[in-house]
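Undergrad: Residue numbers (the working numbering), protein chains in the order written: chain A, 80 to 219; chain B, 80 to 219. Here a beta-carbon is modelled for each residue, glycine too, at the ideal position from N, C-alpha and C. Fair warning: this is a prediction, and the values are worked out from it, not measured in the lab.
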DNA sequence: GGGTTTTCTGGAATTAATCAAGTTAACAGT
DNA sequence: ACTGTTAACTTGATTAATTCCAGAAAACCC
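1. Is it buried or exposed for residue 164/A, if we count other Cβ within 10 angstroms and need 16 for buried?
2. Within the 9 angstroms Cβ cut-off, does residue 212/B reach chain A?
3. In terms of residues, what are the limits of the beta strand (DSSP E) holding residue 208/B?
4. CA-CA distance, residue 125/A and residue 173/A?
5. Quick check on residue 157/B: buried or exposed, where buried means 16 or more other Cβ atoms within 10 Å of its Cβ?
6. Assign residue 94/B to buried or exposed, taking buried as 16 or more other Cβ atoms, counted over all protein chains shown, within 10 Å of its Cβ.
7. Give a yes or no on whether the C-beta atoms belonging to residue 111/A and residue 118/A are separated by under 9 angstroms.
8. For residue 171/A, go through chain B and note every residue whose CB falls closer than 8 angstroms to its CB, in chain order.
9. Mind pulling the chain A residues with CB within less than 8 angstroms of residue 205/B?
10. Taking a cut of 8 angstroms between CB atoms, which residues from the segment 152-165 of chain B lie near chain A?
11. By the DSSP assignment, the alpha helix (DSSP H) with residue 57/A in it spans what residues?
12. Applying a beta-carbon distance threshold of less than 9 angstroms, which residues of chain B neighbour residue 217/A?
And the structure:
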C-alpha cells in the first residue's frame, strides 16, 4: 500500500497541486478498489472531516484525466473508480450481488482488439465486462 | 425491416399483450438502433401521439426482459436499446462524437470468455466495448 | 510573504429513471 | 359479441447521480 508521500509524488509528477482532498481520495481508492463516488465521499470525510461532495467529484475527474485513477461504469451501476491503471485488465460483475473483481487479460495482449469488421472505425482500446456469479452466489 | 404484423407475432410468442406502445417501441428501435430512451419516446410520440414516458420505460423493460430487445449501457452514455438480439455482437463507441456501431465478434465464438483467472467466478458472458474514432472523426 | 491561479465550499439545478395509485384496455372464456 | 380478470398505461411525485455556478480559501511559483 503506497504512503501519503507516494501519493504526493504521484500528484506532483502529474502537475497537479497537492491538496488534502486529493491525497484522501487517492488513499481511499487504493484502499477500496471499485468503490463508487458516494462510498469514496464517505471514506474521505471519515479521514478529513468536512469535504464537499463537489470537491470529491472534481478530484475524481482530475485524477482520472491525469491517468492516476481509472473510471469504470459497469452496466447497472454508477461510476466506480480504481487505482490499477496502465495494465490491460478487465472486470467481472456478479449478476446476483453486483460485486466486482479484476480479471487479467487471458491471452497476454489486448483482447479482441482485432475486430473483424470495425466499420471504418480506428479502434485503440477494448474493454471487456464479464458477467457471471461470484463464488459466494454460485454456491447458493 | 419487419412489419407491424411481424412485431405482433413476436409479442404473442413472448406471451406479451399486443398494445400500441409496444408495437411503436419495437418499430422505433428497429428503425433507430442504439437510440436512447428519450429518442425512442420522441419517435413513439410522433407515431402514436400522446404516450407517457412511463409507458415507454415499462415497455422497454418488458421487451428487454422478454429478449426482444437488448439494453446496452455504453460508458459515458445513458441506456440505449437495439433490436439485434441473440447474436454475439459488440459495440464500438467513438471517443469524439459518441456514435455507436455494431462490431461482429472477431473470432466466431464468445470472445475472451476464457479468462485466465476468474477469481472463482462462474462466467457466462463477456461484453466488449471498443473505443476509437469513427470514420468522420478520424478524418478531422 | 505576496500574487496568481487553481481548488474547494455551499447551494441550486438538471437529468435519468423509478415509485405509487388509479384508470384503461387486452384477451381468455363463456 | 360480452364480460371479468389481469396486465398495461396515465399522471404526478420522488429519488439518485451528477453537474453548474459564484464566491471563498489555499497551493505554489517567485
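TA: In terms of the structure at hand:
1. Residue 164/A sits at position 85 when you count from the first residue of the first chain. Exposed, since its Cβ has fewer than 16 Cβ neighbours within 10 Å.
2. Mapped onto the second chain, residue 212/B falls at position 133. Chain A, which has a Cβ nearer than 9 angstroms to the Cβ of residue 212/B, makes this yes.
3. Here residue 208/B refers to the residue found at position 129 of the second chain. Residues 201-212.
4. Here residue 125/A corresponds to residue number 46 of the first chain, with the count starting at 1. Here residue 173/A corresponds to residue number 94 of the first chain, with the count starting at 1. Going from the Cα of residue 125/A to the Cα of residue 173/A covers about 28 angstroms.
5. In the second chain, residue 157/B corresponds to position 78, counting from 1. Exposed, by the Cβ-count rule.
6. Reading the second chain from its first residue, position 15 is the one you call residue 94/B. Residue 94/B comes out exposed.
7. Within the first chain, residue 111/A is the residue found at index 32, counting from 1. Within the first chain, residue 118/A is the residue found at index 39, counting from 1. In contact: residue 111/A and residue 118/A (Cβ atoms closer than 9 angstroms).
8. Here residue 171/A refers to the residue found at position 92 when the first chain is read from its first residue. Going along chain B in sequence order, the residues near residue 171/A (Cβ under 8 angstroms) are 194, 197, 198, 200, 202.
9. Here the question's residue 205/B lines up with position 126 in the second chain. Near residue 205/B (Cβ distances below 8 angstroms), the residues of chain A are 207, 208, 209, 210.
10. 152, 154, 155
11. Because chain A here runs from 80 to 219, residue 57/A falls outside it and cannot be looked at.
12. Position 138 of the first chain, counted from the first residue, corresponds to residue 217/A. Those within 9 angstroms of residue 217/A in chain B are 199, 200, 201.
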